[in-house]
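Asks:
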Amino acid sequence: MKIKLYDIAHSRAGDKGNTLTLSLIPYKSEYYPILCNQVTVDSVKQHLKDIVSGEIIRYELPNLPALHFVCKQALLGGVTTSLAVDTHGKSLSFALLEMEIEVNL
Amino acid sequence: MKHKIRIGCGAGFSGDRLEPALILAEKGDLDYLVLECLAERTIALAQKRKLQDATKGYDPLLERRMHSLLPLIRKNNIRLITNMGAANPVAAAETICQIARQLHLDIIVAAVTGDDVLPLLSGTENSIETGEPLHTSGKLISANAYLGADALLPALATDAHIIITGRVADPSLFVAPLVHSFGWSLDDTERIGQATVIGHLMECAGQLTGGYFADPGKKDIPDFANLGHPFVDVWEDGTAIFSKVPGTGGTITLATVKEQLLYEVMDPSQYFTPDLVADFTGVHLTQTGTNQIQVVGGKGQQKPETLKVSVGYAAGFIGEGEISYAGSNALQRAQLAGETIRQRLSSSFSDIRIDYIGSTSVHRTSFGHHPEPYEIRLRVAAKASTSTQAALVGEEVEALYTNGPAGGGGARKYIHEVVGIVSTLIPRTQVQSTISLYQA
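Okay, structure coming up:
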């Protein structure tokens, strides 16, 4: 079945200049392998194509467990000079959580 | 030498709430209270205030915070560490002394300076972000190097009750009292790595205790309105337990701590600070009680030979205008208004942003989700080189009252002066920090 990431994980966005960072933390550690398999650089790039125009890097943190995405050229120039409504991109954690994945729960 | 110390974080940004810091100072049984009040943008704005008035340029809330906090930190023998000095730590120290005299309190304040490196830059240094020389961004307003824990240690070695700084790396505000209290070596990458993890978790205050976390029905937070800020108990071996004052709102769980651990981090195995390059990949979290999380396993590698410098430049102005449409066909009327404004302004501005707030303004997409909104707020923004030009944006939006689609209401207009931020690197050896003491 298809579910949203929102159903099994939470996220916080951060900003460094024009770069957006997004953590992705499963509520239960047994979901971590599902996230590793399905929330890939390519699938996130496709999902956030209207927002992120630069490179996306994924970091795996099995110690937490969590995934972490660093998205370049994502904030219309960055917090002080952007013309956007949300200049930090702080709300973008919930954009990531809108992504759908296929699971057998 | 103590075997355990307790540090509280009373503020995670300049505009943070005051009450949680007062509760920490009153009931937290703290050794140190840290107030982290300086963002990249804040210090450039503070530099502008200092240019207008040499006695200003420190945090705008300094007087209010100190009036309430000074009696409590003296009564409970707490040392206060804060970067509220912003562009002018010396003026901040003198202001704190004035307040202490009014309150009949004996206070020694140590001001840490040396982060202001604008005179050391020629403008030909390359920006980290663009690779271009700094001066191509615009007229440089400020340049502040991120000082490390080493800049705070001489101040901690004095009898100062308050240590006030300008630009210091946020985690270093916590690393310094740990190093001072336990006599750790700044070259001990394991201890300093763990101290940096502790500092990074603490620096945003309420974000660790459930602030910026709540999502009703999914991530519920008890007594949210009375959210408490965190404190951390740290032992000599670096073991840390994070908690909050009993009776305050909020929560500390594995989930809140994980969100904060990764917040604003680029590569989690290489988190650059002036103290070292920290590695979060071995961090291990354990829930040890209600609202109690133990954190171990921070480590790191040798400190970098360069310090990051945050450079502020004059980036002109942004003009904004807003107006609302509601009821049947609201989005279509707002879109007609937006396209009309675009036509009227396009010859004066190269970059115009039109947002339909309530539809796609925040994420620039709605992922195919298109319910008909009952109301829409049109927002227009554009960059300009002068404030007069920026004002045109709001003027055209306001003119929609008699020259636009039907039923527009609640027009507002704004002009912002923009300080842009870029970064560069400077050899560590060129940056000299000093301390000066002030007494009330």
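For the record, the sequence lines run as chains A and B.
The first sequence begins at 3 in this note's numbering and counts up by one.
The second sequence begins at -10 in this note's numbering and counts up by one.
Backbone N, C-alpha and C fix where the C-beta goes; we use that ideal spot for every residue, glycine too.
With distances taken Cα to Cα, identify the nearest neighbour of Thr262(B) among Ala138(B), Tyr363(B), Ala146(B) and Thr147(B).
Replies: The count along the second sequence starts at 1 and reaches residue 262(B) at position 273. Comparing Cα-Cα distances from Thr262(B) to each of Ala138(B), Tyr363(B), Ala146(B) and Thr147(B), the minimum goes to Ala138(B).
Asks: Using the Cα positions of Gly383(B) and Ser317(B), report the straight-line distance between them to the nearest angstrom.
Replies: Numbered from 1 along the second sequence, position 394 holds the residue referred to as residue 383(B). Numbered from 1 along the second sequence, position 328 holds the residue referred to as residue 317(B). Rounded to whole angstroms, Gly383(B) and Ser317(B) show a C-alpha spacing of 25 Å.
Asks: Going by alpha carbons, who is nearest to His405(B) out of Asp344(B), Ala303(B) and Pro416(B)?
Replies: Taking the second sequence and counting its residues from 1, one reaches residue 405(B) at position 416. His405(B) has its Cα closest to that of Ala303(B), out of Asp344(B), Ala303(B) and Pro416(B).
Asks: Between the beta-carbon of Ile53(A) and the beta-carbon of Leu94(A), is there less than 8 Å?
Replies: To locate residue 53(A), count along the first sequence from 1; it is residue 51. To locate residue 94(A), count along the first sequence from 1; it is residue 92. Contact flag set, yes.
Asks: Could I get the ranges of all uninterrupted alpha helix (DSSP H) runs contained in the segment 182 to 216 of chain B, with 4 residues as the minimum, in chain order?
Replies: none
Asks: To the nearest angstrom, how far is the alpha carbon of Tyr427(B) from that of Ile96(B)?
Replies: The residue you call residue 427(B) lines up with position 438 of the second sequence. The residue you call residue 96(B) lines up with position 107 of the second sequence. Each residue's Cα considered, the two are about 8 Å apart.
Asks: Could you have a look at Gln276(B) and say whether DSSP puts it in helix, strand or coil?
Replies: Position 287 of the second sequence, counting from 1, holds the residue named residue 276(B). Three-state result, Gln276(B): strand.
Asks: So which of Glu100(A), Tyr61(A), His12(A) and Phe96(A) has the shortest CA-CA distance to Ser31(A)?
Replies: The residue labelled residue 31(A) in the question sits at position 29 within the first sequence. Of the listed residues, the one whose Cα sits closest to Ser31(A) is His12(A).
Asks: Taking a contact to mean a Cβ-Cβ separation below 8 Å, would you say Pro219(B) touches Thr198(B) in this structure?
Replies: Taking the first residue of the second sequence as 1, we reach residue 219(B) at position 230. Taking the first residue of the second sequence as 1, we reach residue 198(B) at position 209. Cβ atoms of Pro219(B) and Thr198(B): closer than 8 Å.
Asks: Distance check for Leu325(B) and Glu364(B), CA to CA, integer angstroms please.
Replies: Sequence index remark: in the second sequence, residue 364(B) carries index 375 (1-based). Sequence index remark: in the second sequence, residue 325(B) carries index 336 (1-based). Answer to the nearest angstrom: the Cα atoms are 15 Å apart.
Asks: Whose C-alpha, out of Met73(B), Leu94(B), Asn72(B) and Arg90(B), is nearest the C-alpha of Leu61(B)?
Replies: The residue given as residue 61(B) occupies position 72 in the second sequence. Ranking the options by Cα distance to Leu61(B), first place goes to Leu94(B).
Asks: Whole angstroms are fine: how far does the CA of Asp256(B) sit from the CA of Ser116(B)?
Replies: Residue 116(B) sits at position 127 when you count from the first residue of the second sequence. Residue 256(B) sits at position 267 when you count from the first residue of the second sequence. In a straight line, the C-alpha of Ser116(B) is about 20 Å away from that of Asp256(B).
Asks: Who are Tyr464(B)'s beta bridge partners in DSSP?
Replies: Nothing can be reported for residue 464(B), as the shown portion of chain B is limited to -10 through 429.
Asks: Less than 8 Å between C-beta atoms, sequence neighbours within five positions excluded: which residues of the same chain meet that for Cys86(B)?
Replies: Here residue 86(B) corresponds to residue number 97 of the second sequence, with the count starting at 1. These residues qualify, in order along the chain: Ile96, Val98, Tyr427, Gln428 and Ala429.
Asks: Answer yes if the segment 337 to 346 of chain B comes into contact with the segment 372 to 382 of chain B, meaning at least three C-beta pairs across the two stretches below 8 Å, and no otherwise.
Replies: Yes, the segment 372 to 382 of chain B is in contact with the segment 337 to 346 of chain B.
Asks: If Tyr8(A) sits next to Leu99(A), beta carbons under 8 Å apart, how far is it from one beta carbon to the other, in whole angstroms?
Replies: Against the first sequence, residue 8(A) aligns to sequence position 6. Against the first sequence, residue 99(A) aligns to sequence position 97. Between Leu99(A) and Tyr8(A) the Cβ distance is about 4 Å, and since that is below 8 Å, they are a contact.
Asks: Can you give me the Cβ contacts of Gln259(B) inside the same chain, cut-off strictly under 6 Å, excluding the 5 residues immediately before and after it?
Replies: For the purposes of this step, residue 259(B) is taken as the residue at position 270 of the second sequence. So the list reads Val266, once near-sequence residues are dropped.
Asks: For Ser170(B) and Gln291(B), what's the separation of their Cα atoms in angstroms?
Replies: The residue given as residue 170(B) occupies position 181 in the second sequence. The residue given as residue 291(B) occupies position 302 in the second sequence. Cα-Cα distance, rounded: 22 Å.
Asks: Strictly below 9 Å CB to CB, what residues from chain B border Ser93(A)?
Replies: To locate residue 93(A), count along the first sequence from 1; it is residue 91. Near Ser93(A) (Cβ distances below 9 Å), the residues of chain B are Val351 and His352.
Asks: Mind checking the segment 408 to 423 of chain B against chain A and listing, in chain order, the residues whose C-beta falls within less than 7 Å of any C-beta there?
Replies: Taking a C-beta cut-off of 7 Å against chain A, the contacting residues of the segment 408 to 423 of chain B are Val408, Gly409 and Ile410, listed in chain order.
Asks: If we ignore side chains and look at the alpha-carbon of each, how far apart do Gly347(B) and Leu22(B) end up?
Replies: Counting from one through the second sequence, the residue named residue 347(B) turns up at place 358. Counting from one through the second sequence, the residue named residue 22(B) turns up at place 33. Taking the straight line joining both Cα atoms gives about 41 Å.
Asks: Taking the Cβ atom as the reference point for each residue, do Leu13(B) and Leu19(B) lie within a distance shorter than 8 Å?
Replies: Stepping through the second sequence from its first residue, residue 13(B) is reached at position 24. Stepping through the second sequence from its first residue, residue 19(B) is reached at position 30. A contact, by the Cβ cut-off of 8 Å.
Asks: Consult DSSP for Ala138(B) and reduce its assignment to one of helix, strand or coil.
Replies: In the second sequence, counting from the first residue as 1, residue 138(B) sits at position 149. DSSP places Ala138(B) in helix when its eight states are reduced to three.
Asks: Just reading off the beta strand (DSSP E) that Ile103(A) is part of, what are its end residues?
Replies: Mapped onto the first sequence, residue 103(A) falls at position 101. Element bounds for Ile103(A): Glu102 to Glu104.
Asks: For Leu24(B) and Cys(-2)(B), what's the separation of their Cα atoms in angstroms?
Replies: Counted from its first residue, the second sequence places residue 24(B) at position 35. Counted from its first residue, the second sequence places residue -2(B) at position 9. Roughly 6 Å between the two C-alpha positions.
Asks: Which of helix, strand or coil does DSSP assign to Gly383(B)?
Replies: Translated into the one-based positions of the second sequence, residue 383(B) becomes position 394. Correct three-state label for Gly383(B): helix.
Asks: Compute the Euclidean distance between the alpha carbons of Ser376(B) and Val300(B), then round it to the nearest angstrom.
Replies: Residue mapping note: residue 376(B) aligns to position 387 of the second sequence, counting from 1. Residue mapping note: residue 300(B) aligns to position 311 of the second sequence, counting from 1. So the alpha carbons of these two residues sit roughly 23 Å apart.
Asks: Kindly give me the distance between the Cβ atoms of Ile5(A) and Val105(A), rounded to whole angstroms, as I take these residues to be in contact under 8 Å.
Replies: Residue numbering aside, residue 5(A) sits at position 3 when the first sequence is read from its first letter. Residue numbering aside, residue 105(A) sits at position 103 when the first sequence is read from its first letter. Yes, Ile5(A) and Val105(A) are in contact; Cβ-Cβ is about 6 Å, under 8 Å.
Asks: Using 8 Å for Cβ pairs, my map puts Leu489(B) next to Gln249(B). What's the rounded Cβ distance?
Replies: Summary: the structure shown does not reach residue 489(B), with chain B confined to residues -10 through 429, and so no result is reported for it.
Asks: Mind checking which residues open and close the beta strand (DSSP E) that includes Lys4(A)?
Replies: Along the first sequence, read from residue 1 onward, the residue named residue 4(A) stands at position 2. Its beta strand (DSSP E) spans residues Lys4 to Lys6.
Asks: Starting from Ile(-4)(B), trace the alpha helix (DSSP H) both ways and give me its first and last residue.
Replies: Taking the first residue of the second sequence as position 1, residue -4(B) is located at position 7. Following the DSSP letters along the chain, one finds Ile(-4)(B) in no alpha helix (DSSP H) but inside the beta strand (DSSP E) bounded by residues Lys(-7) to Ala0.
Asks: Would you mind reading off the limits of the alpha helix (DSSP H) that contains Cys86(B)?
Replies: As a working note, residue 86(B) is residue 97 in the second sequence. Looking at the DSSP string, the run of the alpha helix (DSSP H) that includes Cys86(B) is Pro78 to Gln91.
Asks: Return the chain-ordered list of same chain residues with a C-beta closer than 6 Å to the C-beta of Arg38(B), the five sequence neighbours on each side being excluded.
Replies: The count along the second sequence starts at 1 and reaches residue 38(B) at position 49. Excluding residues within five positions, the ones whose Cβ falls inside 6 Å are Lys45 and Gly46.
Asks: Against chain B, which members of the segment 33 to 62 of chain A pass a CB distance test of less than 7 Å?
Replies: Asp52, Ile53 and Tyr61
Asks: In the DSSP assignment, the alpha helix (DSSP H) including Ala35(B) goes from what residue to what residue?
Replies: As a working note, residue 35(B) is residue 46 in the second sequence. Here the alpha helix (DSSP H) through Ala35(B) covers Glu29 to Gln41.
Asks: Residue range of the alpha helix (DSSP H) that Ala326(B) falls in?
Replies: Sequence index remark: in the second sequence, residue 326(B) carries index 337 (1-based). Segment Ala319 to Leu334, the alpha helix (DSSP H) holding Ala326(B).
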